[in-house]
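Engineer:
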Amino acid sequence: MTHQEYSYAIGRRKATTAVVKLYSKGGGTFIVKTSTGRELPLKEYFGGNDYLYQNALAPFDVIAPDAFKKFDAQMRITGGGIAGQADAIKLAFARALVEWNADLRPTLKPYGVLKRDPRIKERKKPGLKKARKAPTWSKR
Numbered sequence: 001m002t003h004q005e006y007s008y009a010i011g012r013r014k015a016t017t018a019v020v021k022l023y024s025k026g027g028g029t030f031i032v033k034t035s036t037g038r039e040l041p042l043k044e045y046f047g048g049n050d051y052l053y054q055n056a057l058a059p060f061d062v063i064a065p066d067a068f069k070k071f072d073a074q075m076r077i078t079g080g081g082i083a084g085q086a087d088a089i090k091l092a093f094a095r096a097l098v099e100w101n102a103d104l105r106p107t108l109k110p111y112g113v114l115k116r117d118p119r120i121k122e123r124k125k126p127g128l129k130k131a132r133k134a135p136t137w138s139k140r
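Sequential numbering of the sequence shown, starting at 1, is according to this note's numbering.
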């Protein structure tokens, strides 16, 4: 296990990609760089939605209740909605923690935070309005 300046990881969910740089020496500062170039704290990025904020920090809660206060992170998020973004951040944090310390893998694995959720939007088929929605059928 080699300690670097930061651990780097990518998390994906639906149409979202989250790239995270996790710094092992920090005070709990999580900064999100948006596609427009703005930088916001993670809590402010989710606009007060505490559930999504807690979901994004789930890998740290598995390790210890206040483990996130020992780290700093910079992340770049592209695509998707806020729920998919929270899940992408969660996966990226879990992968970055495992890269930082491989001994955390057996701790995180039973909680499912290292698993990539493969569900994506189904493609639209020809002759249909959406993926499965057909035009109204008319007998005459």
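Using N, Cα and C, we set each Cβ at its ideal position, and we do this for glycine too. Bear in mind the structure is a predicted one, so any value in this text is a computation, not a measurement.
Report yes or no: is there a C-beta of chain D within less than 8 Å of the C-beta of TRP100?
Structural biologist: Of the chains in the structure shown, none is chain D; there is only one protein chain.
Engineer: What first and last residue would you give for the beta strand (DSSP E) that runs through ASP72?
Structural biologist: Position 72 of the sequence shown, counted from the first residue, corresponds to residue 72. Element bounds for ASP72: 72-78.
Engineer: Identify, in the order they occur along the chain, each residue of the same chain with its Cβ nearer than 6 Å to the Cβ of PRO118, setting aside the five sequence neighbours on each side.
Structural biologist: Walking along the sequence shown from the start, residue 118 turns up at place 118. There are no such residues.
Engineer: To the nearest angstrom, report how far apart SER24 and LEU57 are at their CA atoms.
Structural biologist: Start at 1 with the first residue of the sequence shown, and residue 24 comes out as number 24. Start at 1 with the first residue of the sequence shown, and residue 57 comes out as number 57. Distance between the alpha carbons of SER24 and LEU57: 15 Å.
Engineer: Helix, strand or coil for PHE68? Go by DSSP, reduced to three states.
Structural biologist: Here residue 68 refers to the residue found at position 68 when the sequence shown is read from its first residue. If DSSP states are grouped into helix, strand and coil, PHE68 belongs with the helices.
Engineer: Closest by CA to GLY26, which one among ALA131, ALA83, VAL113, LYS69?
Structural biologist: Working through the sequence shown from its first residue, we reach residue 26 at position 26. Checking every option, the nearest Cα to that of GLY26 belongs to LYS69.
Engineer: So, for LYS129: in the same chain, excluding its five sequence neighbours on each side, which residues have a beta-carbon less than 7 Å away from its beta-carbon?
Structural biologist: To locate residue 129, count along the sequence shown from 1; it is residue 129. The answer, listed in chain order, is PRO135.
Engineer: Does the separation of the CB atoms of TYR53 and LEU42 fall below 8 Å?
Structural biologist: The residue labelled residue 53 in the question sits at position 53 within the sequence shown. The residue labelled residue 42 in the question sits at position 42 within the sequence shown. Yes, these two residues count as a Cβ contact at 8 Å.
Engineer: My understanding is that PHE60 touches PHE93, with C-beta atoms under 8 Å, so please give their C-beta distance in whole angstroms.
Structural biologist: The count along the sequence shown starts at 1 and reaches residue 60 at position 60. The count along the sequence shown starts at 1 and reaches residue 93 at position 93. With a Cβ gap of about 7 Å, PHE60 and PHE93 count as contacting.
Engineer: Within the chosen definition, does the region 66-80 reach the region 107-124 through at least 3 CB pairs nearer than 8 Å?
Structural biologist: Contact between the region 66-80 and the region 107-124 is absent, because fewer than three Cβ pairs lie under 8 Å.
Engineer: Considering only the alpha carbon of each residue, which of ALA15, LEU22, LYS109 lies closest to GLU5?
Structural biologist: Here residue 5 refers to the residue found at position 5 when the sequence shown is read from its first residue. Comparing Cα positions, the closest option is LEU22.
Engineer: Does DSSP put ALA170 in a helix, a strand or coil?
Structural biologist: It is not possible to answer for residue 170, since the shown part of the chain is limited to 1 through 140.
Engineer: What does a CB cutoff of less than 8 Å around ASN55 pick up in its chain, not counting 5 residues either side in sequence?
Structural biologist: Taking the sequence shown and counting its residues from 1, one reaches residue 55 at position 55. For ASN55, where only same-chain residues beyond five positions count, the Cβ hits under 8 Å are ALA86, ASP87, LYS90.
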